[in-house]
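Undergrad: Dropping the structure in here first, questions after.
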Amino acid sequence: MKKVILISGILFFSTLLFAQSTFFWIEDVPWDDGKALNIKANVPADTVYLQKALEDGTWETIYTGKGRSLSFTQNELNPDIKYRYRLLVPRPAFNDTIFFMAEAQPKEQWFYLHKLSYLLILLAVSIAIIYYVQNARKGKDYYIRRISGLDCIEDSIGRATEKGKPILFVPGIMDLDDIQTISSLTILSHLAHKAAEYDTEIIVPCRFSMVLSAAREVVKEAYIKAEKPDAYNQDRIFYLTDDQFGYVAGIDGIMVREQPAANFFLGSFYAESLILAETGFSTGAIQTAGTAQASQLPFFVVSCDYTLIGEELFAASAYLSRDPQQLGSLKGHDFGKLLVILLIIAGVITEMSGWHWFKAFFEGAQ
Amino acid sequence: MSGFMTTFGLWLSVFFTLSIFSFLYKDNPFYKLSEQIFVGLSAAYWLVYLYYSVMVPNLFNKLFTDFKGNLILLIPTALGLMMLLRLIPKAQWLSRYPIAIMIGTSAGINMVRYAKTDLLGQISATMINPFASDNVITVIGNILLIVGTICGVYFFYFSKKQEGIRAVPSKLGIWFLMISFGASFGYTVMARISLLIGRLEFLLKDWLHIIK
Numbered sequence: 008m009k010k011v012i013l014i015s016g017i018l019f020f021s022t023l024l025f026a027q028s029t030f031f032w033i034e035d036v037p038w039d040d041g042k043a044l045n046i047k048a049n050v051p052a053d054t055v056y057l058q059k060a061l062e063d064g065t066w067e068t069i070y071t072g073k074g075r076s077l078s079f080t081q082n083e084l085n086p087d088i089k090y091r092y093r094l095l096v097p098r099p100a101f102n103d104t105i106f107f108m109a110e111a112q113p114k115e116q117w118f119y120l121h122k123l124s125y126l127l128i129l130l131a132v133s134i135a136i137i138y139y140v141q142n143a144r145k146g147k148d149y150y151i152r153r154i155s156g157l158d159c160i161e162d163s164i165g166r167a168t169e170k171g172k173p174i175l176f177v178p179g180i181m182d183l184d185d186i187q188t189i190s191s192l193t194i195l196s197h198l199a200h201k202a203a204e205y206d207t208e209i210i211v212p213c214r215f216s217m218v219l220s221a222a223r224e225v226v227k228e229a230y231i232k233a234e235k236p237d238a239y240n241q242d243r244i245f246y247l248t249d250d251q252f253g254y255v256a257g258i259d260g261i262m263v264r265e266q267p268a269a270n271f272f273l274g275s276f277y278a279e280s281l282i283l284a285e286t287g288f289s290t291g292a293i294q295t296a297g298t299a300q301a302s303q304l305p306f307f308v309v310s311c312d313y314t315l316i317g318e319e320l321f322a323a324s325a326y327l328s329r330d331p332q333q334l335g336s337l338k339g340h341d342f343g344k345l346l347v348i349l350l351i352i353a354g355v356i357t358e359m360s361g362w363h364w365f366k367a368f369f370e371g372a373q
Numbered sequence: 345m346s347g348f349m350t351t352f353g354l355w356l357s358v359f360f361t362l363s364i365f366s367f368l369y370k371d372n373p374f375y376k377l378s379e380q381i382f383v384g385l386s387a388a389y390w391l392v393y394l395y396y397s398v399m400v401p402n403l404f405n406k407l408f409t410d411f412k413g414n415l416i417l418l419i420p421t422a423l424g425l426m427m428l429l430r431l432i433p434k435a436q437w438l439s440r441y442p443i444a445i446m447i448g449t450s451a452g453i454n455m456v457r458y459a460k461t462d463l464l465g466q467i468s469a470t471m472i473n474p475f476a477s478d479n480v481i482t483v484i485g486n487i488l489l490i491v492g493t494i495c496g497v498y499f500f501y502f503s504k505k506q507e508g509i510r511a512v513p514s515k516l517g518i519w520f521l522m523i524s525f526g527a528s529f530g531y532t533v534m535a536r537i538s539l540l541i542g543r544l545e546f547l548l549k550d551w552l553h554i555i556k
């Protein structure tokens, strides 16, 4: 009986004395989205048990280990909700266990400072783009190196015109929320303009209704710009199906039956890339492909005449239009690439020198 | 009856599989038939699927049975109706607004997403000490990783003439890209062969019972 009273006394006393003690305390993780708490303890014990109070009144052990300089971050919490924790410290010498209690609630801050590197890079690139665009507007001419995949576009249209056969343009298999599809449509605009000038028919099968609507708008605008609105035939820009392989089967059929002289596969592609490119190759069409899907590029490289690799697809709009404003934007992107190279070199040097804070600064944004 | 339907389904699958394979020889009526059925069926299937899995639970149900003054729901409704106005030539111009909103928001969201995952992820993953390991192969691998990444990025630097010394990293970059494409090609071809094996297994096992 005396032992029970003694243990209860110790527990009660320790709870009162150390509830907000320097032995066990909880801090909100600063500058975060309010989903984490830092639980800290400093007790001279080899084994301690950190437990979290659950909604049903039970306790869940979330850490077992040494109690000295303990720092444990608990993630995936909800902001502005109070969480209770206790630290159990067994004392084998006394054959009892003392515990400390603490509670805290994570708070969401306006700025997540661990994403500062992310902000700085985006700011640097955005400022560079604005600066170069402004310069371009003032008349500064920017050089852009040759991209053979884009130079061939005019040749392909010329060949289709000579043969009196249509051009097939496939804007990828993703919807309008994919940046590659958007990029593809900007190339379609240029292509449709040239096709209108040469009086060559252009076929655009689409997988999604939004892409269909956007493609029709783009081609119509191009025909109006080329002063040939009557030549625009919206029936040649059509919906096939939402199904990936149904879409591909349909395009294969078009390639075999309509025998387009030039095929363009520009946008986001997945498993169907080789099926499309192989069928196009078998029909003898001149083929240009472009995607930023690294896993599909090899198939286009081996089966197409020209391939736009990744970034070249996004540079196409500026390259084809030679619009000073777009060239300025491209120059800004190039600044971003240079920045990436410099940061990698700096990161490698700092890692080799043992200054890990530099890498940690960029890793924090992940 | 169910036995008949199972057998009928099996023969139908075999017919369509062989019809699609017949394209390897040349375009023919069997391929045309299966292609048209496939395209038509899948278009209809996706229409029904999207209606019941997206429009009904996310819009119609909430709009007609659980509205509770949630005015936000009226925005996609209005945008959807504006898209349908494409069917009326005089009001067709209104459909440009939902398209513009879609392109603008997706460009903005993707910029943040890609900058985080592709840009910063790639940068921090390449910031390594190449000599940290005792293993020579790992050290060589690390050096190749750093050099390959830098040269690969430099290859896409468009606004400078790549002549003389400047052409060296660019050429190295395209070599790295082509080698990685080769490796990726081989890997994916293996995966495609497994798909072919799956189809042949269906023909030889489920249909002809030649293999067990």
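Just so you know, the protein sequences line up as chains A and B, in that order.
First residue of the first sequence: 8, per the numbering used here; consecutive thereafter.
First residue of the second sequence: 345, per the numbering used here; consecutive thereafter.
Beta carbons: idealized from backbone N, C-alpha and C, even for Gly.
Small disclaimer: the values here were computed from a predicted structure and weren't measured.
Please report how far the alpha carbon of residue 454/B lies from the alpha carbon of residue 185/A, in whole angstroms.
TA: Position 110 of the second sequence, counted from the start, is the residue given in the question as residue 454/B. Position 178 of the first sequence, counted from the start, is the residue given in the question as residue 185/A. Each residue's alpha carbon lies about 8 angstroms from the other.
Undergrad: Is the shortest distance between the beta-carbon of residue 152/A and the beta-carbons of chain B less than 9 angstroms?
TA: Reading the first sequence from its first residue, position 145 is the one you call residue 152/A. Nearest CB-CB separation between residue 152/A and chain B: below the 9 angstroms threshold.
Undergrad: Verify the contact flag: residue 493/B, CB atom, against every heavy atom of the ligand FAD, threshold strictly below 8 angstroms.
TA: Only the bare structure without any ligand can be found here, which leaves the ligand FAD out of the picture.
Undergrad: Determine the DSSP secondary structure at residue 91/A, reduced to helix, strand or coil.
TA: Here residue 91/A is taken as the residue at index 84 of the first sequence, counted from 1. Strand.
Undergrad: Can you round the beta-carbon distance between residue 125/A and residue 464/B to whole angstroms, since I take them to be within the 8 angstroms contact cut?
TA: Taking the first residue of the first sequence as position 1, residue 125/A is located at position 118. Taking the first residue of the second sequence as position 1, residue 464/B is located at position 120. Right, their Cβ atoms sit about 6 angstroms apart.
Undergrad: What does the alpha-carbon distance come out to for the pair residue 536/B and residue 213/A?
TA: On the second sequence, residue 536/B is found 192 positions in, with the first residue counted as 1. On the first sequence, residue 213/A is found 206 positions in, with the first residue counted as 1. Spanning the two alpha carbons is a distance of roughly 25 angstroms.
Undergrad: Counting only runs of 4+ residues fully inside the region 251 to 318 of chain A, write out the alpha helix (DSSP H) ranges in chain order.
TA: 251 to 265, 280 to 289 and 304 to 310
Undergrad: List, in order along the chain, the chain A residues whose C-beta lies closer than 7 angstroms to that of residue 390/B?
TA: Here residue 390/B refers to the residue found at position 46 when the second sequence is read from its first residue. Here the neighbours are 248, 249 and 250.
Undergrad: Under DSSP, the alpha helix (DSSP H) around residue 241/A begins and ends at which residues?
TA: What you label residue 241/A is simply residue 234 of the first sequence in a count that begins at 1. DSSP places residue 241/A in no alpha helix (DSSP H); its state is neither H nor E.
Undergrad: What does the alpha-carbon distance come out to for the pair residue 393/B and residue 385/B?
TA: Residue 393/B sits at position 49 when you count from the first residue of the second sequence. Residue 385/B sits at position 41 when you count from the first residue of the second sequence. Each residue's alpha carbon lies about 12 angstroms from the other.
Undergrad: Compare the Cα-Cα distances from residue 155/A to each of 341/A, 174/A, 234/A and 294/A and report the closest residue.
TA: By one-based count along the first sequence, residue 155/A stands at place 148. Selected option, being the one with the closest Cα: 294/A.
Undergrad: What residue from 199/A, 142/A and 139/A has the CA that sits closest to residue 168/A's CA?
TA: Residue numbering aside, residue 168/A sits at position 161 when the first sequence is read from its first letter. The shortest C-alpha separation from residue 168/A is found at 199/A.
Undergrad: Taking the alpha-carbon of residue 92/A as reference, which of 150/A, 203/A, 81/A and 164/A has the nearest alpha-carbon?
TA: Within the first sequence, the letter at position 85 stands for residue 92/A. Per the Cα distances, 81/A.
Undergrad: Taking the alpha-carbon positions, what's the residue 383/B to residue 275/A distance?
TA: Reading the second sequence from its first residue, position 39 is the one you call residue 383/B. Reading the first sequence from its first residue, position 268 is the one you call residue 275/A. Distance between the alpha carbons of residue 383/B and residue 275/A is about 20 angstroms.
Undergrad: So does the region 486 to 495 of chain B actually touch the region 347 to 366 of chain B, counting three or more Cβ pairs closer than 8 angstroms?
TA: no
Undergrad: CA-CA distance, residue 101/A and residue 95/A?
TA: Locating residue 101/A in the first sequence gives position 94, counting from the first residue. Locating residue 95/A in the first sequence gives position 88, counting from the first residue. If I take the Cα positions, the gap works out to 14 angstroms.
Undergrad: Which full runs of the alpha helix (DSSP H) of 4+ residues lie inside the region 383 to 449 of chain B, going along the chain?
TA: 405 to 409 and 418 to 428
Undergrad: What in chain B is Cβ-close to residue 305/A, meaning under 8 angstroms?
TA: Numbered from its first residue, the first sequence carries residue 305/A at position 298. Ordered by position in chain B, the residues that pass the 8 angstroms Cβ test against residue 305/A are 525, 526, 528, 529 and 532.
Undergrad: For residue 357/B, which residues of its own chain have a beta-carbon under 6 angstroms away from its beta-carbon, when the five flanking residues on both sides are left out?
TA: Within the second sequence, the letter at position 13 stands for residue 357/B. Around residue 357/B: no qualifying Cβ.
Undergrad: Check for me: the beta strand (DSSP E) holding residue 60/A runs from which residue to which?
TA: The residue labelled residue 60/A in the question sits at position 53 within the first sequence. 55 to 60 is the extent of the beta strand (DSSP E) around residue 60/A.
Undergrad: Count the CB pairs spanning the region 203 to 217 of chain A and the region 260 to 273 of chain A that are closer than 8 angstroms, and state whether there are at least three.
TA: yes
Undergrad: Tell me whether residue 87/A is buried or exposed, calling it buried when 16 or more other Cβ atoms sit within 10 Å of its Cβ.
TA: The residue given as residue 87/A occupies position 80 in the first sequence. So residue 87/A counts as exposed.
Undergrad: Contact defined as beta carbons within less than 8 angstroms: I believe residue 423/B pairs with residue 429/B. What is the distance between those atoms, to the nearest angstrom?
TA: Stepping through the second sequence from its first residue, residue 423/B is reached at position 79. Stepping through the second sequence from its first residue, residue 429/B is reached at position 85. Contact doesn't hold; Cβ gap of about 11 angstroms is too wide.
Undergrad: Using 10 angstroms around the beta-carbon of residue 224/A, count the other beta-carbons present and answer buried if the total reaches 16, otherwise exposed.
TA: In the first sequence, counting from the first residue as 1, residue 224/A sits at position 217. That one is buried.
Undergrad: Could you run through the region 284 to 315 of chain A and flag, in chain order, every residue whose CB is less than 8 angstroms away from some CB of chain B?
TA: 301, 302, 304, 305, 306, 308 and 309
Undergrad: Quick check on residue 76/A: buried or exposed, where buried means 16 or more other Cβ atoms within 10 Å of its Cβ?
TA: One-based indexing of the first sequence puts residue 76/A at position 69. Classification of residue 76/A: exposed, given that the 10 Å Cβ count is below 16.
Undergrad: My output table needs one value for residue 371/A: the three-state DSSP class, helix, strand or coil.
TA: Counting from one through the first sequence, the residue named residue 371/A turns up at place 364. Here residue 371/A sits in coil by DSSP.
Undergrad: At 4 residues or longer, and completely inside the region 116 to 161 of chain A: list those alpha helix (DSSP H) runs for me, N to C.
TA: 123 to 144
Undergrad: Starting from the beta carbon of residue 473/B, find every residue of chain A whose beta carbon is closer than 8 angstroms, and list them in chain order.
TA: As a position in the second sequence, residue 473/B is number 129, starting the count at 1. 355, 358 and 359, listed in chain order.
Undergrad: Mind the definition here: the region 304 to 314 of chain A touches the region 526 to 542 of chain B only if three or more C-beta pairs lie below 8 angstroms; say whether that holds.
TA: yes
Undergrad: Determine the extent of the beta strand (DSSP E) in which residue 31/A is found, giving its start and end residues.
TA: Translated into the one-based positions of the first sequence, residue 31/A becomes position 24. Looking at the DSSP string, the run of the beta strand (DSSP E) that includes residue 31/A is 31 to 35.
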